[in-house]
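Encoded as structure tokens, the structure appears first; notes follow it.
There are 2 protein chains.
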Amino acid sequence: MKQPKLKGKAPTMHDVARLAGVSQPTVSRVLNQNDTSVQISEETRYRVHQAVEALGYRPNVIARSLRTQRTQTIALMIADISNAFYHPIARAVQDIARQFDYEVLISNSDHVYEHEKHFCEIVLRRGVDGAILVPIRLTGDDLDEYMSQTHIPFVVLGHHFYHPHVDVVYMDDERATYETTRWLISERGHTCIGYIGVPDILPPGPRRLRGFHRALVDCGLTADPRFILESDFTMEGGRRIAHQLIQQREIPSALMVANDLMAIGLILALQDAGYHIPEDVAIVGFDNIPEATVVRPTLTTIAQNPRDLGEKLAHALFERIENPELTERRLFESSYQLIVRNSA
Amino acid sequence: MKQPKLKGKAPTMHDVARLAGVSQPTVSRVLNQNDTSVQISEETRYRVHQAVEALGYRPNVIARSLRTQRTQTIALMIADISNAFYHPIARAVQDIARQFDYEVLISNSDHVYEHEKHFCEIVLRRGVDGAILVPIRLTGDDLDEYMSQTHIPFVVLGHHFYHPHVDVVYMDDERATYETTRWLISERGHTCIGYIGVPDILPPGPRRLRGFHRALVDCGLTADPRFILESDFTMEGGRRIAHQLIQQREIPSALMVANDLMAIGLILALQDAGYHIPEDVAIVGFDNIPEATVVRPTLTTIAQNPRDLGEKLAHALFERIENPELTERRLFESSYQLIVRNSA
DNA sequence: TTGTATGCGTTATCAT
DNA sequence: ATGATAACGCATACAA
């Protein structure tokens, strides 16, 4: 009983048909009774189900896909599944996909152009029914080339991306940075504010910096170039910036930091050097990662909602999968929230 | 030029063949020249490649899969991709898969039995070439039923799982807890040690508790039942335990905590109540999550290496995919490391 | 070296 | 209500 049937080939519809004493297409009809236009007698329906049970028959998804040109699969490309910003996105997409009975193929691009192109290649070769991307290096023209070869919908995360037939989900981080900087000025009374950014190559880089600058200008302040710095996304990068500031012997009264990891690195390093947060320097991060509630003082930060981003992406995609007539680009904004804690 | 070819059907080998003036199988041969047994003239090889270029031909993976019974896809089931323990595993598996030119289908089980079974169902229906699982509710017998229907290899994470033909990768958390508890006793001089565990349903629950108890016994100590508690994996769960301990008005001098999130919750709540860590209570966690370096005092913890677990799982699987003659169960241990920081 | 014929397991279009 | 038959796109055994 441990090995009910020999590990031969898996049973097919033919096997079921033979056992049930019907033809193979009839088995198909019984099993896909969603098609109500066809009537099937209770008798055969019963016999088929019996045979299915007896053989432990399972439909072969591949054969079905070849025939129907649908795979019940979507593809998702993110930068890195083990990054705290991306994995809630992936999780949300998977959850929505499960509701639609779809599987998800996930690929990490690591911001590498070749990987991003390879992903599109896979999408075409494997005939998935739709794709969600977070393109960093890929341009609208790149995607256009791939899209010209297929009918399937693409949906993208990121305001910076433009293609006339690709839905975009985004978070307005320029405005988030703008409003938060103004908040530092009007609500917290800061007049000397620094900004620690991320490299310009990454889409959020220039946008967040722009929001920061606009806020200063609109409030009649000017940016001190010594306090406009850039680092690499990591806690260690934040520490390096801290040391740099400390060596300059002059420090702004507040710092907008373009991501939480750097912000936390800054806090820890500044504290090690004897500074008090937020008395000596107020610090605002960006992302609201789990560590933000653990660091002391707890980190004031701009919360994106990656789970929401993922849900919006998936919903947009499935809407298009189910309504191929949709073509015009649609824009979906995901909100942000300033989480005021104790670091600013 | 923006739409080089009309979005008709994608070109097939037939189209390539026609354009190149050869037969379709010849195209197939040219494109899969791995088969060195067949010689092809430079002339046709050239013409075929020309035609491929001209048409923008891409092989149809589905059709190939139907024919070859291989999908170049593996499936991975974890509890939750957005859990810090699992996503490095997923990342590692994906990285190895990329080396083999495989795609990865990822599914979240959330410890739900139905999801775990559904995953196996998907594995069979979609004909993936292998599967990696972290089974929580699934038993060896369950898996045996599925395995009897297929030839593909399964590889599993977790010591608790047994099936004669399934490789297991594990981390010996019983020993880890045992040795760390002994370390608290012999190196740190504690004699009154509490243990905060996770529910017994989860495989690590009983194992870690057992390691703890063994250590006490081997050192001639006895466990105080008031200090053997259990909570739910979260920081909030840790806080609740802290309040419970505080209300008891008596607290052990050290606490082994079965995961970092709870340990951090404990630290923060105890500090809020005026306790000093590690002077009043030493605390050791389990997992070495990123937050462990951010909390003050930094958390002493038992580091698993999920990336390594993922790599071992993937390597085991691909070894089996490439050597189907392998059958006997193999065991792979992933090491752990006590990371001594400042909380104990 | 290349072409013909066949089949992988379905779904879909005809008949009946 | 059901059965033949074809087709999806490819790889392979066999023939030439």
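Chains as they are written, first to last, in the numbering used here: chain F, 21 to 364; chain P, 21 to 364.
Ideal Cβ positions, reconstructed from N, Cα and C, are used throughout, including at glycine.
May I have the straight-line CA-CA distance separating F/His185 from F/Thr347, to the nearest angstrom?
Roughly 5 Å separates the two Cα atoms.
Please say whether F/Gln169 and P/Ala30 have beta carbons closer to each other than 8 Å?
Going by C-beta atoms, P/Ala30 is nearer than 8 Å to F/Gln169.
Does F/Lys27 come within less than 8 Å of chain P when only Cβ atoms are used?
Yes, because at least one Cβ of chain P sits closer than 8 Å to the Cβ of F/Lys27.
Taking the DSSP output, what are the residues bridged to F/Thr321?
Paired residues: F/Gly305, F/Ile359.
In chain P, what lies closer than 8 Å to F/Ala83 by C-beta?
Here the neighbours are Leu86.
Leaving out the 5 sequence neighbours to the left and right, which residues in its chain are closer than 6 Å to F/Leu249 when beta-carbon positions are compared?
For F/Leu249, where only same-chain residues beyond five positions count, the Cβ hits under 6 Å are Ile216, Ile261.
Going by DSSP, what residue range makes up the alpha helix (DSSP H) through F/Leu286?
Per DSSP, F/Leu286 belongs to the alpha helix (DSSP H) from 280-292.
From the DSSP output, read off the bridge partner residues of P/Gly214.
According to DSSP, P/Gly214 bridges with P/Leu275.
Name the one or two DSSP bridge partners that P/Tyr190 has.
Answer is P/Glu353, bridged to P/Tyr190.
Counting C-beta neighbours from all protein chains within 10 Å, is the total for F/Leu275 16 or more, i.e. buried, or is it exposed?
Buried.
For F/Val314, count neighbouring C-beta atoms within 10 Å of its own C-beta (all shown protein chains included) and say buried if the count is 16 or more, exposed if not.
Its Cβ being crowded by 16 or more others within 10 Å, F/Val314 is buried.
On the DSSP letters alone, give me the boundaries of the beta strand (DSSP E) that P/Ala151 sits inside.
Run containing P/Ala151: 150-153, per the beta strand (DSSP E) assignment.
Taking C-beta to C-beta, are P/Arg303 and P/Leu288 nearer than 8 Å?
The sequence given here places Ile at residue 303 of chain P; Arg does not occur at that position. Not a contact, by the Cβ cut-off of 8 Å.
Assign P/Ile82 to one of three DSSP states: helix, strand, or coil.
Three-state DSSP puts P/Ile82 in a helix.
Which one or two residues does DSSP pair with P/Glu123 in a beta bridge?
Beta-bridge pairing links P/Glu123 to P/Thr93.
Take F/Val68 and list the residues in its own chain whose beta-carbon comes closer than 6 Å to its own, dropping the five residues that flank it on each side.
Answer for F/Val68: Ala40, Val47, Val50, listed in chain order.
Going straight from the alpha carbon of F/Gly294 to that of P/Arg316, what length do you get?
Looking at the two C-alpha atoms, the distance is approximately 15 Å.
Please list the terminal residues of the continuous beta strand (DSSP E) segment that includes F/Leu236.
No beta strand (DSSP E) holds F/Leu236; the alpha helix (DSSP H) holding it covers 224-238.
Who are the neighbours of F/Gly76 on chain P, taking C-beta pairs under 7 Å?
In chain order: Gln169.
Along chain P, which residues have their Cβ under 7 Å away from the Cβ of F/Ala110?
Per Cβ cutoff of 7 Å: Ile101.
For P/Thr320, would you say it is in contact with chain F, using Cβ-to-Cβ distances shorter than 8 Å as the test?
So, not an interface residue.
Run through chain P and tell me which residues come within less than 8 Å of F/Thr242, C-beta to C-beta.
Under the 8 Å cutoff, chain P gives no residues; its nearest Cβ is about 34 Å from F/Thr242.
Three-state secondary structure (DSSP) at F/Val36?
Residue state, collapsed to three classes: helix.
Restricting to Cα atoms, I'd like to know which of F/Val154, F/Thr201, F/Ile172, F/Ala74 is closest to F/Arg90.
Comparing Cα-Cα distances from F/Arg90 to each of F/Val154, F/Thr201, F/Ile172, F/Ala74, the minimum goes to F/Ile172.
State the DSSP-derived secondary structure class of F/Phe368, mapped to helix, strand or coil.
In the structure displayed, chain F extends from 21 to 364; residue 368 of chain F sits before or after that span and is not available.
Please confirm if P/Val188 has its CB atom under 8 Å from at least one CB of chain F.
So, not an interface residue.
Checking the sheet assignment: what are the DSSP bridge partners for P/Asn128?
P/Ile98, per the DSSP bridge assignment.
With a Cβ-Cβ cutoff of 8 Å, do F/Ile94 and F/Tyr122 count as a contact?
Result yes, Cβ atoms of F/Ile94 and F/Tyr122 sit closer than 8 Å.
Is it buried or exposed, F/Pro219, if we count other Cβ atoms within 10 angstroms and call 16 or more buried?
F/Pro219 is exposed by the Cβ-count criterion.
Check the Cβ of F/Leu144 against every Cβ in chain P and list those closer than 9 Å, keeping chain order.
Simply Ala30, Arg78.
Compare the C-beta of F/Asn16 with all C-beta atoms of chain P and state if any pair is closer than 8 Å.
In the structure as shown, chain F starts at 21 and stops at 364, and residue 16 of chain F therefore has no counterpart that could be examined.
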